[in-house]
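Here this note's numbering is used: the first residue of the sequence shown is 6, the next is one more, and so on.
Written below as structure tokens is the structure these notes are about.
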Amino acid sequence: AATAAELAAAGAKVAHVVGDVSKPGDVARFVAAAQQLAPLAMAVHNAGSNRWAPFLKISEEQFESHWREHALGGFHLAQAAIPALLSRGGGTLVFTGASGSLRGKAHFAPFAAAKAALRAMAQSIAREFGPQGIHVGHVVIDGGIAGDRLMSLRPQLKEERGPDGLLNIAAIADAYWVLHHQHRSAWTLELDLRPWAESF
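Here it is in structure tokens:
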């Protein structure tokens with residue numbers, strides 16, 4: 006709500022809808038609310054919870070919860086957004102991934118499995134709908150994001166990482182905007198974003 010108010014104060018047209026990305030009805034409401042403002046040109050799946058857990062302590066419900074948020078949520082957004090994008094002749098669909106999309110770290114099995122599934126689905130959708138004018142991108146966020154959630158959980162982290170040691174939210178948004186404006190002769194399918202000092 007605070008971000009929506011900030012954008013509206015800056016003169017942007019904003020639709021603020023609260024829901025659960027793993028529920029198709031909620032996702033349909035997200036897309037419908039955006040369509041009320043203007044024809045949908047870009048949709049971004051940016052669900053991002055991530056929890057540490059020893060593998061043998063993970064319940065089926067915890068594993069499925071990650072899959073619902075990341076993989077199933079991305080599926081629902083794609084199914085809701087693609088018809089709207091096709092109706093205007095194309096557009097952009099971006100899925101936010103993580104380093105877990107590429108490699109599973111110890112104690113993060115549910116997150117890695119869900120993010121890897123999201124990445125594979127993005128590749129499949131890109132191959133099917135790219136020729137129809139939809140630019141599909143998968144963005145690997147490799148590092149901590151200097152946002153309210155991380156700063157409230159670990160306020161010392163910004164100082165520990167030093168200047169620009171965490172991903173800046175505005176810089177991430179700029180990268181997504183660049184994807185949206187790429188010429189179709191040079192579309193990016195996968196983009197890695199990480200702080201300059203992040204080891205990889």
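Where a beta carbon is used, it is the ideal one built from N, C-alpha and C, also for glycine.
Output yes or no for whether 7 Å exceeds the beta carbon distance between residue i and residue j.
i: Leu123; j: Ala76; result: yes
i: Val99; j: Gly142; result: yes
i: Gly56; j: Ser27; result: Sequence check: residue 56 is Arg here, not Gly. Against a cut-off of 7 Å, the Cβ pair of Ser27 and Arg56 comes out as no contact.
i: Gly105; j: Phe116; result: yes
i: Gly167; j: Glu203; result: no
i: Leu45; j: Ala89; result: yes
i: Ala114; j: Leu194; result: no
i: Gly79; j: Met47; result: no
i: Leu61; j: Ile146; result: no
i: Ala39; j: Ala10; result: no
i: Leu172; j: Pro200; result: yes
i: Ala85; j: Ala33; result: yes
i: His140; j: Trp192; result: yes
i: Val144; j: Leu107; result: no
Helix, strand or coil: how does DSSP classify residue i here?
i: Leu172; result: strand
i: Ile63; result: coil
i: Glu195; result: strand
i: Ala220; result: What the structure shows of the chain is the stretch from 6 to 205, and residue 220 is not part of that stretch, so it cannot be assessed.
i: Ile140; result: Looking at the sequence provided, one finds His at residue 140 rather than Ile. Note: His140 maps to strand in three-state DSSP.
i: Ala122; result: helix
i: Val36; result: helix
i: Arg189; result: helix
i: Pro160; result: coil
i: Phe134; result: helix
i: Phe205; result: coil
i: Val19; result: coil
i: Gly24; result: coil
i: Phe116; result: helix
i: Ala10; result: helix
i: Ala111; result: coil
i: Gly167; result: coil
i: Ala180; result: helix
i: Ala127; result: helix
Residue i: beta carbon under 6 Å from a heavy atom of the ligand FMN?
i: Ala76; result: No copy of the ligand FMN appears in this structure; indeed no ligand is present at all.
Going by DSSP, name the residue or residues bridged to residue i.
i: Val145; result: Gly102 and Asp197
i: Ile150; result: Leu172
Where does residue i land, buried or exposed, given buried means 16+ other C-beta within 10 angstroms?
i: Arg81; result: Correcting the residue type first, residue 81 is His in the shown sequence and not Arg. Result: buried.
i: Thr8; result: exposed
i: Pro59; result: exposed
i: Gly94; result: exposed
i: His50; result: buried
i: Ile174; result: exposed
i: Phe35; result: buried
i: Pro120; result: The sequence given here places Lys at residue 120; Pro does not occur at that position. Classification of Lys120: buried, given that the 10 Å Cβ count is 16 or more.
i: His186; result: exposed
Would you list, in sequence order, the uninterrupted beta strand (DSSP E) runs of no fewer than 3 residues that lie entirely inside the region 50-109? 96-103
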